[in-house]
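The block underneath contains the structure these notes are about, expressed in structure tokens.
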Amino acid sequence: MDLATPEQDQRKSISRLTRLMARSLSIVWQSARTPFLALIGLQLLNALALTLQVFAVQLALTAVLDISGNPGDLWRLVQPVMLLAGLTAVTAVIASVQVGLGRYAAELVVAVMWKRVLRVATRVDLRKFESARFYDRLQRVQATALTRPYQITHGLVATVGSAAGSAGLVIAIVLVHPGLLPLLLVGGVPVLLTSRRQSQLELDFLARQTQSMRLRNYLTRVQTGRDEAKEVRAFGLARNFGTRLDTLYADYLRDLAQHLWHRSRLGVAGSLGSAVLLALTLFLLGWLISTGRLSIVAAGAALVAIRLLASQIQSGLSGVQAIFESGQFIDDLDGFLTLAPAAEGGSRAIAPPADFRRVRADAVSFSYPGRSALALQSASIEVNQGEVVALVGENGSGKTTLAKVMAGLYEPGSGAVRWDGVDVATFRPDLFRERVAIIFQDFVRYALSAEENIAVARPDHEIDHAAIREAARIADADSFLSALPAGYQTPLSRRFVGGHELSGGQWQKVAIARAFYRDAPLVIIDEPTAALDARAEYELFSSLHEVLRGRSALIISHRFSTVRTADRIYVLDHGRVVEQGTHDELVALGGQYAELFHLQASAYSVDRVMD
Ligand SMILES: Nc1ncnc2c1ncn2[C@@H]1O[C@H](COP(=O)(O)OP(=O)(O)O)[C@@H](O)[C@H]1O
Ligand SMILES: [Mg+2]
0 MDLATPEQDQ
10 RKSISRLTRL
20 MARSLSIVWQ
30 SARTPFLALI
40 GLQLLNALAL
50 TLQVFAVQLA
60 LTAVLDISGN
70 PGDLWRLVQP
80 VMLLAGLTAV
90 TAVIASVQVG
100 LGRYAAELVV
110 AVMWKRVLRV
120 ATRVDLRKFE
130 SARFYDRLQR
140 VQATALTRPY
150 QITHGLVATV
160 GSAAGSAGLV
170 IAIVLVHPGL
180 LPLLLVGGVP
190 VLLTSRRQSQ
200 LELDFLARQT
210 QSMRLRNYLT
220 RVQTGRDEAK
230 EVRAFGLARN
240 FGTRLDTLYA
250 DYLRDLAQHL
260 WHRSRLGVAG
270 SLGSAVLLAL
280 TLFLLGWLIS
290 TGRLSIVAAG
300 AALVAIRLLA
310 SQIQSGLSGV
320 QAIFESGQFI
330 DDLDGFLTLA
340 PAAEGGSRAI
350 APPADFRRVR
360 ADAVSFSYPG
370 RSALALQSAS
380 IEVNQGEVVA
390 LVGENGSGKT
400 TLAKVMAGLY
410 EPGSGAVRWD
420 GVDVATFRPD
430 LFRERVAIIF
440 QDFVRYALSA
450 EENIAVARPD
460 HEIDHAAIRE
470 AARIADADSF
480 LSALPAGYQT
490 PLSRRFVGGH
500 ELSGGQWQKV
510 AIARAFYRDA
520 PLVIIDEPTA
530 ALDARAEYEL
540 FSSLHEVLRG
550 RSALIISHRF
560 STVRTADRIY
570 VLDHGRVVEQ
580 GTHDELVALG
590 GQYAELFHLQ
600 ASAYSVDRVM
610 D
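Per numbering that gives the first Met the number 0, the sequence shown runs over residues 0 to 610.
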């Protein structure tokens, strides 16, 4: 994957860090301003407490030295010790408040971020979903959406806090004795070096394993998924997928072991380095004291400051690392959210008419992103008010694509769809889509109640129980929906308590009921008959004109028994309209339609003989 290289290249760059910091800040600022400001406030308070701790140590040591040999003066210790204890308590309280506040802020970021992502995901041009880059990006945002906001928030707070804390400690130590500054800086060096190297190792490891992690997640999902369960058993896929997963895990664990070994070696080296430096520092301090250059008090304060500074640096680095690790996520999120303006539909503000006399696809061409072949080539069809028009053609001839263009889901590359001569591209897209009821070949089976499964066709209307029943009755779904345990309120999924599964044909009828429930002048149904038995199909389509009540329909079907009742039939072949006319005209023409019709008719008569 191309993730590893850019990340590795840019990892060291300060400019990337600056940019990521700024982006993180703006993300957190926009979603969780108040808790974030409170967190920063706490960090500043914490920095102040750290700084004061150095002075408190100084006071305490002075007092200890003053009273040495004078046990009666012990009371003089009370004040500095109380101060020290108080400051320590303050930092402890800050740390625990911060955990809760950080969690709350991160959840706010998650909520606001999802709201923005979903706004774009549900409005962006449908074609985008055919682009691997777009979809990958969305998937990556989704996969890490719960953890990254935590990292970002923590990263920002830790970085700001450690910067403030370090600055405070440096000031404190300079005030104690300016000559100690170099010592302070040297003391922080080993932690700085090893932590930096450790973060680098961690990032390399993550980049290296991203791809494998995704594959592992996928293989786990396939083996636990409800939809996949039947195929996994029927094909006996468990062994194959299991072995693949085992191999991936073995590789991962080997890499992880090596990585952890490197990390602990570094950790040990860092600690040893720190210990050596500490020993040297002690010697140096001792020497400074012995030569009268430094008081014991100042030396003690310096030691405390050095230890505190080391922990500040460590926490700052963990913050920077968290921001870096979220880099890909921030890029993906930004890349995704910038799609928003294109999703708003621009200046197209014309409201479409409530009805039409003629809808026409006029020499429409279309190609899917990343595919050179045209899915539609100058295809023209028309549907007049009240007509039932059929679209036939072999698999892959472009029927579904044409249906989506007619419904305003894809914009044609050239040509236009016109309503009474007006290009639908000039209509406000959302309003235009409301004028079309399209039922896809692969319609969605919502894990909602039966009633809601039909009501989704008019999401902005209050649920009209009578109209839903009527639509279900027309689609021949009322009988089995009423018979469900809780009637129309039964959830249509076993995922929920009291849920009930429908058969493929029953689901198809529910989907068709959606088309009738949506009050749109143009109804498009893509292969509605695939799952219907012959009787159900006959009953539905023989009365279609009647139940449409003046609405127009475009029906895509392979079954000629459905198609022959249509007012007009278009035959698609490789994205072109090659024949058109009524059933009788097309049979008489003796072309592709006639050939397919005779093929099916003879197969059908054989079936009947065999019955
Ligand atoms: N999402 C897609 N991305 C890329 N190509 C597609 C996509 N959907 C369909 N196609 C291609 O477009 C052509 C027409 O497909 P489609 O309209 O689904 O045909 P039909 O519905 O007639 O079976 C086919 O060659 C198909 O491979
Ligand atoms: Mg299709």
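By construction, the Cβ of each residue, glycine as well, lies at the ideal position given by its N, Cα and C atoms.
(message) Assuming contact is defined by CB atoms lying nearer than 8 Å, are A476 and Q505 in contact in what I supplied?
(response) Taking C-beta atoms as the reference points, A476 and Q505 count as a pair closer than 8 Å.
(message) Rounded to the nearest angstrom, what separates V188 and L277 at their Cα positions?
(response) The alpha-carbon atoms of V188 and L277 are separated by roughly 11 Å.
(message) Can you tell me where the beta strand (DSSP E) holding V423 begins and where it ends?
(response) For V423, there is no enclosing beta strand (DSSP E), as DSSP marks it with neither H nor E.
(request) With ligand 1 as the reference, list in chain order each residue whose Cβ lies under 6 Å from any of its heavy atoms. (result) Listed by chain position, these are E129, Y367, R370, A374, G392, N394, G395, S396, G397, K398, T399, T400.
(message) Within a Cβ cutoff of 6 Å, which residues of the same chain sit near L483, ignoring the five residues on either side of it in sequence?
(response) In its chain, beyond the 5 residues on either side, T489, H499 have a beta carbon closer than 6 Å to the beta carbon of L483.
(message) Tell me the rounded alpha-carbon separation between V27 and R136.
(response) Between V27 and R136, the alpha-carbon positions lie close to 21 Å from each other.
(message) Taking 8 Å as the cut-off, does the region 535-544 touch the region 357-365 (at least 3 CB pairs, one atom from each stretch)?
(response) By the Cβ test, the region 357-365 is not in contact with the region 535-544, since fewer than three Cβ pairs between them sit closer than 8 Å.
(request) Check each candidate in S364, T50, A228 and name the one with the smallest Cα separation from S413. (result) Comparing Cα positions, the closest option is S364.
(message) Does the distance between the C-beta of E324 and the nearest non-hydrogen atom of ligand 2 fall short of 7 Å?
(response) No; taking the cut-off as 7 Å, the Cβ of E324 has no heavy atom of ligand 2 nearer than that.
(message) I'd like to confirm the pairing. Which residues does DSSP put opposite Y569 in its beta bridges?
(response) Y569 pairs with L390, Q579.
(request) Determine the closest residue to E433 out of D459, L447, P411, T425, with distance taken between C-alpha atoms. (result) In terms of Cα proximity to E433, the closest of D459, L447, P411, T425 is D459.
(request) Starting from L95, trace the alpha helix (DSSP H) both ways and give me its first and last residue. (result) The identity of residue 95 in the sequence shown is Ser, whereas the question assumes Leu. It spans 77-120 - the alpha helix (DSSP H) in which S95 sits, taken as one unbroken run.
(message) Assuming E230 is part of the alpha helix (DSSP H), what are its boundary residues?
(response) Its alpha helix (DSSP H) spans residues 225-233.
(request) Return the bridge partner residues of I554 from the DSSP annotation. (result) Answer is A389, I524.
(message) Between E230 and ligand 2, is there a pair consisting of the residue's CB and a ligand heavy atom that are separated by less than 7 Å?
(response) No, since every heavy atom of ligand 2 falls outside the 7 Å radius drawn around the Cβ of E230.
(message) Need the endpoints of the alpha helix (DSSP H) that F479 sits in, please.
(response) For F479, the enclosing alpha helix (DSSP H) has its first and last residue at 477-481.
(message) Alpha carbons only, please: which of P411, I66, M405, S263 is nearest the one belonging to P520?
(response) Minimum Cα distance to P520 is reached at M405.
(request) Please find out if some non-hydrogen atom of ligand 2 comes closer than 7 Å to the beta-carbon of Q440. (result) Q440 has its Cβ nearer than 7 Å to a heavy atom of ligand 2.
(message) Can you determine whether any heavy atom of ligand 2 sits closer than 7 Å to the C-beta of D525, and answer yes or no?
(response) D525 Cβ: within cutoff of ligand 2.
(request) Check whether the Cβ atoms of L547 and L390 lie closer than 8 Å to each other. (result) Their beta carbons are not under 8 Å apart, which means L547 does not touch L390 by this criterion.
(request) Measure the alpha-carbon distance for A37 versus I93 and round it to whole angstroms. (result) Distance between the alpha carbons of A37 and I93: 11 Å.
(message) Let's test the definition: count the other Cβ atoms within 10 Å of the Cβ of E526 and tell me whether it reaches 16, buried, or not, exposed.
(response) Result: buried.
(request) Would you grab the beta carbon distance between Q57 and A300 for me? Rounded to a whole angstrom, and I think it's under 8 Å. (result) Correct: roughly 4 Å between the Cβ atoms.
(request) Return the CA-CA distance between D330 and T337, expressed in angstroms with no decimal places. (result) As the crow flies, the alpha-carbon of D330 is around 11 Å from that of T337.
(request) Could you spell out where the alpha helix (DSSP H) holding Q257 opens and where it closes? (result) Where Q257 is concerned, the enclosing alpha helix (DSSP H) stretches over 236-289.
(message) For A465, list the residues DSSP reports as bridge partners.
(response) In DSSP, A465 forms no bridge with anything.
(request) Using only alpha-carbon positions, find the residue among L192, L44, F133 that is nearest to L332. (result) The option with the nearest alpha carbon to L332 is F133.
(message) Does the CB of Q591 have a neighbour CB from chain C at under 8 Å?
(response) As a matter of chain content, chain C is missing from the structure shown, which is built from one protein chain.
(request) Look at L308 and S165 and say whether their C-beta atoms are less than 8 Å apart. (result) Taking 8 Å as the cut-off, the Cβ atoms of L308 and S165 count as close.
(message) Does D532 come out as helix, strand or coil in the three-state DSSP assignment?
(response) The DSSP-derived three-state label of D532 is coil.
(request) Report all residues from its chain with a CB closer than 8 Å to the CB of E6; omit the five preceding and five following residues, and keep chain order. (result) Summary for E6: the model assigns pLDDT 48, below 50, so the residue's position carries little reliability; its value from the coordinates is reported in the next sentence. So the list reads L202, A206, G326, Q327, once near-sequence residues are dropped.
(message) Can you check which of these residues, Q29, I13, P79, is closest to Q52 by C-alpha distance?
(response) Minimum Cα distance to Q52 is reached at P79.
(message) For F365, list the residues DSSP reports as bridge partners.
(response) According to DSSP, which records beta bridges pairwise, F365 is partnered with L375.
(request) Kindly indicate the opening and closing residues of the beta strand (DSSP E) around V496. (result) Per DSSP, V496 is not a residue of any beta strand (DSSP E), being assigned neither H nor E.
(message) Tell me which residue opens and which closes the beta strand (DSSP E) that V435 is part of.
(response) For V435, the uninterrupted beta strand (DSSP E) segment begins and ends at 435-438.
(request) Just tell me which of V577, R75, S67, D65 has its CA closest to the CA of S377. (result) Looking at the Cα atoms, V577 is the closest of the given residues.
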